[in-house]
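> Encoded as structure tokens, here's the structure I'll be asking about.
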Amino acid sequence: MLLDVRNLLRNGFFSPLGMLFLVVLGAAILLHSETATQNQSPAPSAQTPATTLTVTPASSPQSGIPGATPPAFGTAAQRSGLNIVVLDPAHGGTDPGARGAGGIRESEIVLDMAVQVRRALELQGFQVVQTRQGNDNPSFDDRSAMANAQRGAVFVTLHISSTGLPGTVRVYVNSDLPPLTDSKGLIPWDRAQAPFLSLSRRFGDIVQGLLAQRFKGSPATVQTATVRQLRTTAAPAIAVEISSIVVDDRAQLDHMGQGVADAIAEGAAAFRPLYVVPSVPGVAP
Amino acid sequence: MTPRWKVFLIAGLVLAVIAAAIYFPILRRRVKRAARVQQQSEEQARRELTQAIPVNPSDPRVKSKLFWASDADDSTLAPVTVELPLSKDPVLRSKQVLNTLLAGPVDPELRTVPPDAVLLAFYLLPDGTAVADFSEALATSIPSGIASEQMAVDSIARTLEANVPQVQRLKILIHGQEVETLAGHLDLTATFVVDTKGTSAGPPVAAGSAPATTGPGAAKPGTPVPDKTPVTPPKR
Numbered sequence: 002m003l004l005d006v007r008n009l010l011r012n013g014f015f016s017p018l019g020m021l022f023l024v025v026l027g028a029a030i031l032l033h034s035e036t037a038t039q040n041q042s043p044a045p046s047a048q049t050p051a052t053t054l055t056v057t058p059a060s061s062p063q064s065g066i067p068g069a070t071p072p073a074f075g076t077a078a079q080r081s082g083l084n085i086v087v088l089d090p091a092h093g094g095t096d097p098g099a100r101g102a103g104g105i106r107e108s109e110i111v112l113d114m115a116v117q118v119r120r121a122l123e124l125q126g127f128q129v130v131q132t133r134q135g136n137d138n139p140s141f142d143d144r145s146a147m148a149n150a151q152r153g154a155v156f157v158t159l160h161i162s163s164t165g166l167p168g169t170v171r172v173y174v175n176s177d178l179p180p181l182t183d184s185k186g187l188i189p190w191d192r193a194q195a196p197f198l199s200l201s202r203r204f205g206d207i208v209q210g211l212l213a214q215r216f217k218g219s220p221a222t223v224q225t226a227t228v229r230q231l232r233t234t235a236a237p238a239i240a241v242e243i244s245s246i247v248v249d250d251r252a253q254l255d256h257m258g259q260g261v262a263d264a265i266a267e268g269a270a271a272f273r274p275l276y277v278v279p280s281v282p283g284v285a286p
Numbered sequence: 068m069t070p071r072w073k074v075f076l077i078a079g080l081v082l083a084v085i086a087a088a089i090y091f092p093i094l095r096r097r098v099k100r101a102a103r104v105q106q107q108s109e110e111q112a113r114r115e116l117t118q119a120i121p122v123n124p125s126d127p128r129v130k131s132k133l134f135w136a137s138d139a140d141d142s143t144l145a146p147v148t149v150e151l152p153l154s155k156d157p158v159l160r161s162k163q164v165l166n167t168l169l170a171g172p173v174d175p176e177l178r179t180v181p182p183d184a185v186l187l188a189f190y191l192l193p194d195g196t197a198v199a200d201f202s203e204a205l206a207t208s209i210p211s212g213i214a215s216e217q218m219a220v221d222s223i224a225r226t227l228e229a230n231v232p233q234v235q236r237l238k239i240l241i242h243g244q245e246v247e248t249l250a251g252h253l254d255l256t257a258t259f260v261v262d263t264k265g266t267s268a269g270p271p272v273a274a275g276s277a278p279a280t281t282g283p284g285a286a287k288p289g290t291p292v293p294d295k296t297p298v299t300p301p302k303r
């Protein structure tokens, strides 16, 4: 592009107003670069638990969360029992999760794996709500909120470990939470998992059993751990952790994807008749 | 025609804006780096202050149990008996056993906590709640994952359970702050059960007799308990 400098000068482009324009332009460039840097580095630890919120078991199915597929009201969602699986590929955005040799990232692998799990679940007749579709990082509470807004749902969060025997898979449920004492029928947000623990264990045991058949060396029964993501989830909730990110080749993990997907889908289908929403907070079904 | 000095002035201004746009991100990076170095040196200073745990030679040598990863199955914990001169004071005793735990086992593969993690402070409240404040390395250097993070907390809780009967519950802080998770998975907002003998949630678990993660219903070190009154460490 050619600039006719002489004409510009004649037209007074470099008048005081023109100079001001240039300075503003420079400032805009600076601001833009600043904003871009900030967008790339939000601290993952800045997730603040919404401790004042409360949910009731089997709350109304209004997600309100961007990216969540709303349940199809009037069809499966209104049938009693389990119809929806909220699938959570963990981490994402600036939080890559576990990192292995060659730059492989947990957040990318679980996102890819979620596609297989989703497909397997849909073949079993489930509606799937995914907590993230791309490389973003919703907070723990946002992810839980997607599950808590559904009726007749289970929650499955997918992880890759940094340790453990490669080629094995472990299913976790939340450790015991203190019993609920609220007589108003509300579940405190920070203990939303409490009334669902018994169901979570049943669901976890089924999925772990199916995984143990496919991946030798995996435990036969579900494990317990104080998993932050599960604590605020008001639904039967499990964490599935695949070992491990330290494999030499990412293909080894990708190869496990279909087996994990089938086990979760078959497990959810087998759990369907056992699923009863607890009606009284603090009383597990 | 515009005087020549105006042209030079404008050109100079434009160059200054462009140079500033280029230099600003570099300057920002330098400031960040300087802040990080300062933070590290602060932590190093705290380490030097806190690492000197007084060991009284007259303290009786006690066979203490420390929990590291089992060499048969790296997903479970196993007790290792070590003879240590341990103080009768529960706070000193806790610091002594935790520092030995952090120093690591003979086989570094069996570590449950990162080698650069440091116990910065330890307090014991009258109700038996222990507050252990670890350096940031505990959170940043630990292998990310549910299994590895739970193993780290379990090894700390069970080592305290086996050696310091006064400790009933454990609250873990990172660099003096309550954090949401250890390294993205394990919930550190709760207070963990240490002494399972006094709990009614399930049968007591003998130290070292059960895997790090056990089946449903069993109370074990590392199980969270209600945290209705936030634990605030005393002023240093």
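Protein chains in written order, with my numbering: chain A, 2 to 286; chain B, 68 to 303. A virtual CB, placed ideally from N, CA and C, is assigned to each residue, including glycine.
#1: Considering only their Cβ atoms, is the gap separating Val-129 of chain A from Val-86 of chain A smaller than 7 Å?
#2: Quick check on the burial criterion: 16 or more other C-beta atoms within 10 angstroms. Buried or exposed for Phe-272 of chain A?
#3: Is the beta carbon of Val-172 of chain A closer than 7 Å to that of Val-223 of chain A?
#4: For the segment 228-244 of chain A, list every residue whose C-beta sits within 9 Å of some C-beta in chain B, in sequence order.
#5: Could you tell me which of A:Pro-90, A:Pro-139, A:Thr-234 and A:Gly-93 sits nearest to Pro-189 of chain A, measuring between CA atoms?
#6: Does the beta carbon of Phe-91 of chain B fall short of 6 Å from some heavy atom of the ligand FMN?
#7: Anything in chain B within Cβ reach of Gly-98 of chain A, meaning under 8 Å, just list it in chain order.
#8: Are the CB atoms of Thr-227 of chain A and Asp-254 of chain B within a distance shorter than 7 Å?
#9: Quick one: what does DSSP say Thr-227 of chain A is sitting in, helix, strand or coil?
#10: Thinking C-alpha only, which one of B:Asp-126, B:Thr-256 and B:Leu-186 is nearest Pro-152 of chain B?
#11: I need the DSSP call for Gly-104 of chain A, collapsed to helix, strand or coil.
#12: Work out the CA separation of Asn-166 of chain B and Leu-187 of chain B for me, nearest whole Å.
#13: Going by the DSSP bridge assignment, what does Arg-236 of chain B pair with across the sheet?
#14: Please confirm if Thr-325 of chain B has its CB atom under 7 Å from at least one CB of chain A.
#15: What are the boundary residues of the beta strand (DSSP E) that Pro-152 of chain B is part of?
#16: Does any residue of chain B have a CB that is nearer than 7 Å to the CB of Thr-132 of chain A?
#17: Determine the contact status of Val-231 of chain B and Pro-146 of chain B, defining contact as a CB-CB distance below 7 Å.
#18: According to DSSP, is Val-158 of chain B helix, strand or coil?
#19: Below 7 Å on C-beta distance, what does Ala-102 of chain B contact in chain A?
#20: Confirm, please, whether the CB-CB distance from Ile-213 of chain B to Pro-181 of chain B is below 7 Å.
#21: Within 10 Å of its beta-carbon, does Leu-159 of chain A have 16 or more other beta-carbons around it, so buried, or fewer, so exposed?
#22: Residues of chain B with CB under 8 Å from Ser-145 of chain A, in chain order?
#23: For His-160 of chain A, return the contacting residues in chain B, with the cut-off set at a CB-CB distance below 8 Å.
#24: Considering only C-alpha positions, which residue in the set A:Ala-264, A:Asp-250 and A:Pro-167 is nearest to Gly-104 of chain A?
#25: Ordered along the chain, which non-local residues of its own chain (more than five positions away) have a Cβ less than 8 Å from that of Asn-175 of chain A?
#26: Would you kindly check if the distance between the Cβ of Ala-270 of chain A and the Cβ of Gln-151 of chain A is under 7 Å?
#27: Given this structure, state the Cα-to-Cα distance separating Ser-154 of chain B from Asp-174 of chain B, to the nearest angstrom.
#28: With C-beta atoms as the reference, is Ala-236 of chain A less than 7 Å away from Ala-99 of chain A?
#29: Against chain B, does Ser-219 of chain A count as a neighbour if the rule is that its beta carbon must be under 7 Å from one of theirs?
#30: Between B:Arg-128, B:Val-260, B:Trp-135 and B:Val-84, which lies nearest to Val-198 of chain B when the distance is taken from Cα to Cα?
#31: On the three-state DSSP scale, how would you describe Ala-87 of chain B?
#32: Pull up the CB-CB distance for Arg-215 of chain A and Ala-264 of chain A, whole angstroms please, since I reckon it's below 8 Å.
#33: Can you give me the C-alpha to C-alpha distance between Arg-144 of chain A and Leu-76 of chain B, rounded to a whole angstrom?
#34: What is the rounded straight-line gap between the Cα of Met-257 of chain A and the Cα of Pro-193 of chain B?
#35: To the nearest angstrom, report how far apart Leu-240 of chain B and Val-164 of chain B are at their CA atoms.
#36: Compare the C-beta of Ser-142 of chain B with all C-beta atoms of chain A and state if any pair is closer than 7 Å.
Looking at the atomic coordinates:
#1: Here residue 86 of chain A corresponds to residue number 85 of the first sequence, with the count starting at 1. Here residue 129 of chain A corresponds to residue number 128 of the first sequence, with the count starting at 1. In contact: Val-86 of chain A and Val-129 of chain A (Cβ atoms closer than 7 Å).
#2: The count along the first sequence starts at 1 and reaches residue 272 of chain A at position 271. With 16 or more Cβ atoms within 10 Å of its Cβ, Phe-272 of chain A is classed as buried.
#3: Taking the first residue of the first sequence as position 1, residue 223 of chain A is located at position 222. Taking the first residue of the first sequence as position 1, residue 172 of chain A is located at position 171. Yes, Cβ-Cβ distance for Val-223 of chain A and Val-172 of chain A is below 7 Å.
#4: Val-228, Arg-229, Gln-230, Leu-231, Arg-232, Ala-240, Glu-242 and Ser-244
#5: What you label residue 189 of chain A is simply residue 188 of the first sequence in a count that begins at 1. Selected option, being the one with the closest Cα: A:Thr-234.
#6: In the structure on display, the ligand FMN does not appear, and there are no ligands present to speak of.
#7: To locate residue 98 of chain A, count along the first sequence from 1; it is residue 97. In chain order: Ser-211 and Gly-251.
#8: Stepping through the second sequence from its first residue, residue 254 of chain B is reached at position 187. Stepping through the first sequence from its first residue, residue 227 of chain A is reached at position 226. Contact flag set, yes.
#9: The sequence position of residue 227 of chain A within the first sequence is 226, counting from 1. Of the three classes helix, strand and coil, the one that applies to Thr-227 of chain A here is coil, per DSSP.
#10: Along the second sequence, one-based indexing puts residue 152 of chain B at 85. Considering only alpha carbons, the answer is B:Asp-126.
#11: By 1-based counting over the first sequence, the position of residue 104 of chain A is 103. Correct three-state label for Gly-104 of chain A: helix.
#12: Mapped onto the second sequence, residue 187 of chain B falls at position 120. Mapped onto the second sequence, residue 166 of chain B falls at position 99. Between Leu-187 of chain B and Asn-166 of chain B, the C-alpha separation is close to 10 Å.
#13: The count along the second sequence starts at 1 and reaches residue 236 of chain B at position 169. According to DSSP, Arg-236 of chain B bridges with B:Thr-196 and B:Val-260.
#14: Nothing about residue 325 of chain B can be reported from this structure: the residues present for chain B run from 68 to 303 only.
#15: Counted from its first residue, the second sequence places residue 152 of chain B at position 85. Looking at the DSSP string, the run of the beta strand (DSSP E) that includes Pro-152 of chain B is 144-152.
#16: Stepping through the first sequence from its first residue, residue 132 of chain A is reached at position 131. Not an interface residue.
#17: On the second sequence, residue 231 of chain B is found 164 positions in, with the first residue counted as 1. On the second sequence, residue 146 of chain B is found 79 positions in, with the first residue counted as 1. No, these two residues do not count as a Cβ contact at 7 Å.
#18: Stepping through the second sequence from its first residue, residue 158 of chain B is reached at position 91. Looking at Val-158 of chain B - three-state DSSP - the assignment turns out to be helix.
#19: Here residue 102 of chain B corresponds to residue number 35 of the second sequence, with the count starting at 1. Ordered by position in chain A, no residue passes the 7 Å Cβ test against Ala-102 of chain B, which lies about 14 Å from the chain.
#20: The count along the second sequence starts at 1 and reaches residue 181 of chain B at position 114. The count along the second sequence starts at 1 and reaches residue 213 of chain B at position 146. No; because the gap between Cβ atoms is not below 7 Å, this pair is not in contact.
#21: Your numbering for residue 159 of chain A matches position 158 in the first sequence. Looking at its Cβ environment, which holds 16 or more other Cβ atoms inside 10 Å, Leu-159 of chain A is buried.
#22: For the purposes of this step, residue 145 of chain A is taken as residue 144 along the first sequence, with counting starting at 1. Near Ser-145 of chain A there are no residues of chain B at all, since even the closest Cβ is about 12 Å away, more than 8 Å.
#23: For this step, residue 160 of chain A is matched to residue 159 along the first sequence. The contacting residues are Gly-212, Ile-213 and His-252.
#24: Working through the first sequence from its first residue, we reach residue 104 of chain A at position 103. Nearest C-alpha to Gly-104 of chain A: A:Asp-250.
#25: Sequence index remark: in the first sequence, residue 175 of chain A carries index 174 (1-based). If we look at Asn-175 of chain A and ignore the five residues flanking it on each side, its Cβ neighbours are Gln-194, Leu-198, Ser-201, Thr-225, Ala-226, Thr-227, Val-228, Leu-231, Arg-232 and Ala-238.
#26: Your numbering for residue 151 of chain A matches position 150 in the first sequence. Your numbering for residue 270 of chain A matches position 269 in the first sequence. Not in contact: Gln-151 of chain A and Ala-270 of chain A (Cβ atoms no closer than 7 Å).
#27: Here residue 154 of chain B is taken as the residue at index 87 of the second sequence, counted from 1. Here residue 174 of chain B is taken as the residue at index 107 of the second sequence, counted from 1. Roughly 27 Å between the two C-alpha positions.
#28: As a first step, residue 236 of chain A must be located in the first sequence, where it is residue number 235. As a first step, residue 99 of chain A must be located in the first sequence, where it is residue number 98. The answer is no: Cβ separation not under 7 Å.
#29: Within the first sequence, numbered from 1, the residue matching residue 219 of chain A stands at position 218. No, no contact with chain B.
#30: Taking the second sequence and counting its residues from 1, one reaches residue 198 of chain B at position 131. Among B:Arg-128, B:Val-260, B:Trp-135 and B:Val-84, the Cα nearest to that of Val-198 of chain B belongs to B:Val-260.
#31: Residue mapping note: residue 87 of chain B aligns to position 20 of the second sequence, counting from 1. DSSP places Ala-87 of chain B in helix when its eight states are reduced to three.
#32: Along the first sequence, one-based indexing puts residue 215 of chain A at 214. Along the first sequence, one-based indexing puts residue 264 of chain A at 263. Yes, they are in contact, since the Cβ atoms of Arg-215 of chain A and Ala-264 of chain A sit about 6 Å apart, within 8 Å.
#33: Position 143 of the first sequence, counted from the start, is the residue given in the question as residue 144 of chain A. Position 9 of the second sequence, counted from the start, is the residue given in the question as residue 76 of chain B. Looking at the two C-alpha atoms, the distance is approximately 55 Å.
#34: Counting from 1 along the first sequence, the entry for residue 257 of chain A is found at position 256. Counting from 1 along the second sequence, the entry for residue 193 of chain B is found at position 126. Whole-angstrom Cα-Cα distance: 50 Å.
#35: Translated into positions along the second sequence, residue 240 of chain B becomes position 173. Translated into positions along the second sequence, residue 164 of chain B becomes position 97. Answer to the nearest angstrom: the Cα atoms are 18 Å apart.
#36: Reading the second sequence from its first residue, position 75 is the one you call residue 142 of chain B. Taking Cβ atoms only, chain A reaches closer than 7 Å to Ser-142 of chain B, which makes this a yes.
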